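*Asks:* Quick one: the structure is below, questions incoming.
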Amino acid sequence: MFTLSVVFALVLLSCSQLISAGTVVTCIDSELYLSCDVGVIFVKSVTLGSQSTRYCGPAKPQNEIRCFAIPVPAVAKWCNGREECDVDKQQVIGEDPCFNPYTYYTTTYTCVPGKTSVTCEGKNSELKCARGKLKVIAANYGRTDDFTCLERRPIKKRINTKCFAPNSLDLVQQSCEGKRSCTVSASNDVFSDPCVGTRKYLWISYNCS
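If you use mature numbering (1 follows the signal peptide of the UniProt record, and there is no 0), the sequence shown corresponds to residues -21 to -1, 1 to 188, in order.
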């Protein structure tokens, strides 16, 4: 049994509330935080809207809640396959589509078994299952931090830490899904170059099932 843990950010009123196992409500001006005690995050759905009088502000009449929830796929991009993640408003949307302080994210996720492979640009990633076959949970060729694969390389300019190759998951799945082992090159030749001038790495979250 994989357990789920959620840390709440409380700002004035309750800004993040556990509704049920694996479902979190986070006010739009608060940081969305997800974590797994065991395993890695797999986001099932995320919506943004203001459809309830219960969250993120004083109670309002139901007829004043008019903003319908819209899907927010970017949260999965930042969080899937990780043990924990923090996502702020600027990472997922440009502006509040509801234009009111009561807008909130509703995030449903679960924790699944997961291993992590990190391969620096120019190297080959080799995945292998002693038992079962490869199941790719998430993947990204790019960069989301300022330290991975930068050893012995002085940073002479600002690097892009919001770098994602949009085809990463599809390409890794094509090479590895359902196999006992596979090799994927962490290179621009395979994934194209999502952030020119920034040293990249191939990050893969997977399990054997």
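Just so it is clear, CB atoms sit at the ideal spot from N, CA and C, and this is done for glycine as well.
It should be emphasised that the depicted structure is a prediction, and the values quoted were computed from it without experimental measurement.
1. Distance, Cα to Cα, residue 187 vs residue 94?
2. By Cβ distance below 6 Å, which residues in the same chain neighbour residue 108 in space, the five residues on each side in sequence not counted?
3. Start and end of the alpha helix (DSSP H) containing residue 167?
4. Kindly confirm or deny that the segment 58 to 72 and the segment 20 to 35 touch, where touching means at least three C-beta pairs closer than 8 Å.
5. Ignoring anything shorter than 4 residues or poking outside the segment 99 to 179, list the alpha helix (DSSP H) runs there in chain order.
6. Based on DSSP bridge pairs, tell me the residues matched to residue 90.
7. With C-beta atoms as the reference, is residue 170 less than 8 Å away from residue 144?
8. Just how far apart, CA to CA, sit residue 163 and residue 138?
9. Mapping the DSSP letters down to three states, classify residue 35 as helix, strand or coil.
10. For residue 1, I'd like the list of residues in its chain whose CB is within less than 7 Å of its CB, leaving aside the five on either flank, ordered along the chain.
11. Quick one: residues in its chain with C-beta nearer than 8 Å to the C-beta of residue 10, no 5 flanking neighbours on either side, listed in chain order?
12. Which stretch, first to last residue, makes up the beta strand (DSSP E) that contains residue 54?
13. CB residue 99 to CB residue 128, shorter than 8 Å?
14. Any idea if residue 121 is buried or exposed, counting beta-carbon neighbours within 10 angstroms, 16 or more meaning buried?
15. Let me confirm a value: residue 176 is counted as buried when at least 16 other C-beta atoms fall within 10 Å, else exposed. Which label applies?
16. Would you mind working out which of 24, 52, 47 and 84 sits nearest residue 8, comparing C-alpha positions?
17. Should residue 97 be labelled buried (16 or more other beta-carbon atoms within 10 Å of its own) or exposed?
*Replies:* The structure says:
1. 9 Å
2. So the qualifying residues of the chain are 159 and 187.
3. For residue 167, the enclosing alpha helix (DSSP H) begins and ends at 167 to 170.
4. yes
5. 147 to 155 and 167 to 170
6. Under DSSP, residue 90 takes part in a beta bridge, and its partners are 20.
7. yes
8. Cα to Cα, residue 163 sits roughly 24 Å from residue 138.
9. coil
10. If we look at residue 1 and ignore the five residues flanking it on each side, its Cβ neighbours are -18, 87, 88 and 89.
11. -13, 65, 66 and 67
12. Unbroken run through residue 54 is the alpha helix (DSSP H), 53 to 58; no beta strand (DSSP E).
13. The Cβ-Cβ distance between residue 99 and residue 128 falls below 8 Å.
14. buried
15. exposed
16. 84
17. It is exposed - the Cβ of residue 97 has fewer than 16 other Cβ atoms within 10 Å.
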